[in-house]
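The opening residue of the sequence shown carries number 746 in the working numbering; numbering runs sequentially from there.
Where a beta carbon is used, it is the ideal one built from N, C-alpha and C, also for glycine.
Since we're looking at a predicted model, the values are computed, not measured.
Working notes, beginning with the structure itself.
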Amino acid sequence: MRFLVMGASLRPGSFNVTLAELAASLLREGGVDVDLAAYAEFQVPGYDAGAEDGQGVPDGARRFAERLRAVDAFLLVSPEYNASVPGTVKNLVDWVSRLKPQPFWGHHGLLMSASPRLTGGNRGLWALRVPLEHLGARMFPEMISVAQADTAFTADGLLVDPKQAKRMRQSITDFVALVTAVKSGA
Numbered sequence: 746m747r748f749l750v751m752g753a754s755l756r757p758g759s760f761n762v763t764l765a766e767l768a769a770s771l772l773r774e775g776g777v778d779v780d781l782a783a784y785a786e787f788q789v790p791g792y793d794a795g796a797e798d799g800q801g802v803p804d805g806a807r808r809f810a811e812r813l814r815a816v817d818a819f820l821l822v823s824p825e826y827n828a829s830v831p832g833t834v835k836n837l838v839d840w841v842s843r844l845k846p847q848p849f850w851g852h853h854g855l856l857m858s859a860s861p862r863l864t865g866g867n868r869g870l871w872a873l874r875v876p877l878e879h880l881g882a883r884m885f886p887e888m889i890s891v892a893q894a895d896t897a898f899t900a901d902g903l904l905v906d907p908k909q910a911k912r913m914r915q916s917i918t919d920f921v922a923l924v925t926a927v928k929s930g931a
């Protein structure tokens, strides 16, 4: 099994990148081959149908699609901006949606977020589910949101709260089990 994990933030020291790195570590512990991607690898200009007609889909979106096609599932760890999905993340999804065959189609996905706010970025994840499901991604029902992220991580990038750490480990284990069962035809 090979999974793509991306912390969808450009900010140095991002809580979402820390959470993505923790998720990648847990996946590796479970025997999953992980492609840990940096969001900066996939930067694209704002979607513009005229630019697409003239220049095609930008390289950042093509690189993301290639990495997505090379895996069995993906984990997207996204910040929340103004109670929704960040425009940069949605913009990448919009560009990738222009590619055929659709790279998200049939891929299993798990959404995660970390925020210093009490909602942990959960509202942004709900907004992100909509276009991903529309594009045919099979989104795992449970989402992981780490609230009060400014105090939620140790210096080593682990979760401070043992209950939250256990819940995250179980969610990732359940996600891997689902993807494994589907891929094996069970």
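- request: Within 10 angstroms of the Cβ of Trp850, are there 16 or more other Cβ atoms? Answer buried if so, exposed if not.
  value: exposed
field: Buried or exposed by the 16-neighbour rule on C-beta atoms within 10 Å, applied to Ser737
entry: Residue numbering for the chain in the displayed model covers 746 to 931; residue 737 lies beyond these limits and cannot be assessed.
query: Is it a yes or a no for the region 895-902 touching the region 827-841, going by three-plus beta-carbon pairs under 8 Å?
result: no
message: If you reduce the DSSP assignment to three classes, tell me which class Ala782 lands in.
response: strand
Close Cβ partners of Tyr784 (< 7 Å) along its chain, the five nearest in sequence each way excluded: Met751, Gly752, Ala753, Ser754, Leu755
query: Comparing alpha-carbon positions, which option in Arg807, Lys845, Arg868, Gly799 lies nearest Val822?
result: Arg868
message: How far does the beta strand (DSSP E) with Ser890 in it extend, from its first residue to its last?
response: 889-891
query: Shortest alpha-carbon distance to Gln847 belongs to which of Lys911, Glu825, Ala806, Asp906?
result: Ala806
field: Buried/exposed call for Ala782, threshold 16 Cβ in 10 Å
entry: buried
- prompt: Mind pulling the alpha helix (DSSP H) runs of 4 or more residues that sit fully within the region 860-889?
  reply: 867-879
Meets three-Cβ-pair contact criterion under 8 Å: the region 771-782 and the region 801-817: yes
task: Indicate whether the contact test is met: 3 or more Cβ pairs, each with one atom in the region 868-881 and one in the region 823-831, closer than 8 Å.
output: yes
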